[in-house]
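J.:
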Amino acid sequence: MQEVGRGLRLPVDENGNRISNEEFQLNYIVDFTEADFAKRLIDQINGELPQASFISEERLEEVAKKLGLSSDELFDALYDKQYIDRRMNIKPDARDAFFAEYPYFATGLSSGKVKDRNITKPKPVKIRKAVYSEIRKLWETINQRYLLFYDEDLDSDMTDVVLSLLEDPGIFTDVVMTSSRDIVKSDGSQMSIVSDTGVQYIVSKPIPYNEFLKRIMRGTNISIKVLHEALCKYVKRHGVIASEHINENSVSMIVQKFQEWKNKNLQGRFYYAKSNTPVGATALTYADGSPRADIAQGRIGTKIVSGTPSDKYLYDAFAYDSPLEQKNITSDIEKVIVYGKIPRNSIAIPTITGGMYSPDFMYVVRRSSGKKELNIVVETKDVEDKTNLRGSEETKIECARVFFDMLSKDGYIVHFRDQLNNKQMAQIIKEVLAED
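In terms of the numbering used here, the sequence shown is residues 10 to 445.
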């Protein structure tokens with residue numbers, strides 16, 4: 010139960026902030042010995058009322074606002090109806106009537122959030138061969154392998170860059186361990202877990218110096234020689250580093266600071282060059298270039314909406330991940346010849362963050378003259394504006410702009426655009442056509 014609870018918590022970004030504007034799926038794979046437990050858990054989460062037994066002051070105020078009451082007025086109403094006692098505990102014998110009359114107090118997952126994939130296995134989505142033939146040239150072009158190169162002058166000042174990171178306050182840190190205690194309590198009708206205050210301890214857990222350098226190198230791709238030179242300069246300026254600070258936490262801090270430095274300072278200091286590596290098999294095609302018959306639904310969307318897609322759409326089903334994606338695939342835009350969701354992680358564009366990047370949608374659009382075709386690749390983000398994009402996401406998008414600019418210089422013009430929640434695809438296509 011604890012393991013499932015930890016998994017269900019929202020993921021965090023690189024700064025430790027909870028990510029609440031995206032949808033994630035948690036998958037648990039269990040063997041036959043846990044099958045009965047898994048079924049009972051699914052039935053409990055999907056079918057039962059929330060198991061709250063107490064109303065907090067904050068929750069009372071939230072619900073009172075929704076009902077247009079003050080918290081005192083709502084408390085009086087609940088107490089008069091004998092739903093709660095003076096300490097705002099929900100009376101066990103009145104639970105059903107309480108939640109039926111005041112559903113705003115319900116918490117937890119809505120019905121059907123937990124699914125058993127052994128019962129509802131997603132079917133493969135068929136690739137429409139006639140539609141693929143229209144988008145084939147664009148697909149093969151954006152699947153060509155390009156290498157990422159940095160400006161040569163970066164190597165000359167990398168020692169000073171690392172030194173500046175090492176001089177950041179708090180970069181060399183202690184290893185801290187925290188103890189915690191969960192207390193199980195019962196009110197006579199149900200059990201609850203109360204977390205007690207933990208105690209933190211500073212422990213000495215150094216690692217060998219050579220291992221310290223290797224781990225930083227693996228996280229940053231900076232050579233051991235450069236790292237050692239920077240550390241030697243740091244010691245000359247600030248004195249010997251305490252041995253207990255040569256630890257895993259310090260490695261993590263240095264790698265994190267270097268990632269932040271890259272995001273801020275490497276824009277405009279890199280370029281792409283086409284590789285001689287052949288394209289080979291892709292998510293949509295076999296090695297000989299012929300289209301596959303189908304693709305796993307999970308590659309193009311975790312959810313399915315009923316309906317028959319437009320004849321212009323690459324697949325025979327509406328699979329999507331976010332509401333904005335759903336709107337894109339169900340919109341039939343006049344100027345579009347063909348369009349499709351790009352399979353997840355299928356286009357490997359190297360970025361300065363150290364990872365790869367793959368956009369979301371591809372469109373082949375008829376030019377205003379009606380004679381030629383215009384290619385558009387779109388990155389879809391279900392956020393209101395760029396201020397809501399995480400740092401690494403914005404960096405990857407900027408790298409994609411450079412990549413597609415290079416693709417255009419190499420003779421195949423592709424317009425790359427990002428789509429935020431306040432803009433529709435029809436607007437983006439109209440703007441690109443006007444520019445063209």
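Ideal placement from N, C-alpha and C gives every residue a C-beta, glycine not left out.
(1) Check whether the Cβ atoms of A4 and D125 sit closer than 9 Å, and answer yes or no.
(2) Taking 8 Å as the cut-off, does the stretch 358-366 touch the stretch 151-160 (at least 3 CB pairs, one atom from each stretch)?
(3) Would I99 and I64 qualify as a contact pair, given that the criterion is a beta-carbon distance under 9 Å?
(4) Please check the pair I338 and K350, which I expect to be a contact at CB under 8 Å, by giving their CB distance rounded to whole angstroms.
(5) Considering Cα atoms alone, identify which of S315, L172, P300 is closest to W270.
(6) Our contact map puts P368 next to R308 with C-beta atoms below 8 Å; I'd like the distance itself, whole angstroms only.
(7) Run the CB neighbour count on I438, radius 10 Å, all protein chains shown included, and call it buried at 16 or more, exposed below.
(8) Hey, P131 and I304: beta-carbon distance below 9 Å or not?
(9) Which class does L58 belong to by DSSP, given the choice of helix, strand or coil?
(10) For the stretch 234-248 and the stretch 191-202, state whether three or more C-beta atom pairs, one from each stretch, are separated by less than 8 Å.
(11) Just to confirm, is the Cβ distance from M447 to F84 under 9 Å?
(12) Beta strand (DSSP E) containing Q428: first to last residue?
(13) Our contact map puts V374 next to V423 with C-beta atoms below 8 Å; I'd like the distance itself, whole angstroms only.
(14) Enumerate, from N- to C-terminal direction, the unbroken beta strand (DSSP E) stretches of 3 or more residues contained entirely within the stretch 162-200.
(15) Beta-carbon separation of Y92 and A103 under 9 Å?
(16) If we cut at 9 Å on Cβ distances, does D166 have a partner in chain C?
(17) For the stretch 250-267 and the stretch 215-227, state whether three or more C-beta atom pairs, one from each stretch, are separated by less than 8 Å.
(18) Less than 9 Å separating the beta-carbons of T187 and V203?
(19) Comparing C-alpha positions only, which one of D191, V411, I151, I313 sits nearest to Q11?
(20) For Y141, I'd like the list of residues in its chain whose CB is within less than 7 Å of its CB, leaving aside the five on either flank, ordered along the chain.
(21) Mapping DSSP to helix, strand and coil, what is Q335?
(22) Going by the CB atoms, is the gap between A328 and K312 shorter than 9 Å?
(23) So if DSSP puts V345 in a beta bridge, which residue, or which two residues, is it bridged to?
T.: From the atom records:
(1) This structure cannot speak to residue 4, because the chain is shown only from 10 to 445.
(2) yes
(3) yes
(4) The C-beta distance from I338 to K350 rounds to 7 Å, short enough to meet the 8 Å contact threshold.
(5) L172
(6) Rounded, the Cβ-Cβ distance is 14 Å, inconsistent with contact.
(7) buried
(8) No. Outside cutoff.
(9) Residue placement at L58 is poorly supported in this model, since its pLDDT is 47, which falls under 50; the coordinates still yield a value, given next. In the three-state scheme derived from DSSP, where H, G and I count as helix and E and B as strand, L58 is classed as coil.
(10) Three or more beta-carbon pairs separated by less than 8 Å are not found between the stretch 234-248 and the stretch 191-202, which leaves the two stretches without contact.
(11) Outside the shown range of the chain, which is 10 to 445, sits residue 447, and nothing can be said about it.
(12) 423-428
(13) The pair is not a contact, with the Cβ atoms about 11 Å apart (cut-off 8 Å).
(14) 184-195
(15) yes
(16) In the structure shown, chain C does not exist; there is a single protein chain.
(17) Judged by pairs of C-beta atoms under 8 Å, the stretch 250-267 touches the stretch 215-227, as three or more such pairs exist.
(18) It is not a contact, given that the beta carbons lie outside the stated cut-off.
(19) Closest by alpha carbon: D191.
(20) L293, P300, L323
(21) helix
(22) Yes, the pair counts as a contact, with Cβ atoms nearer than the cut-off.
(23) Paired residues: V374.
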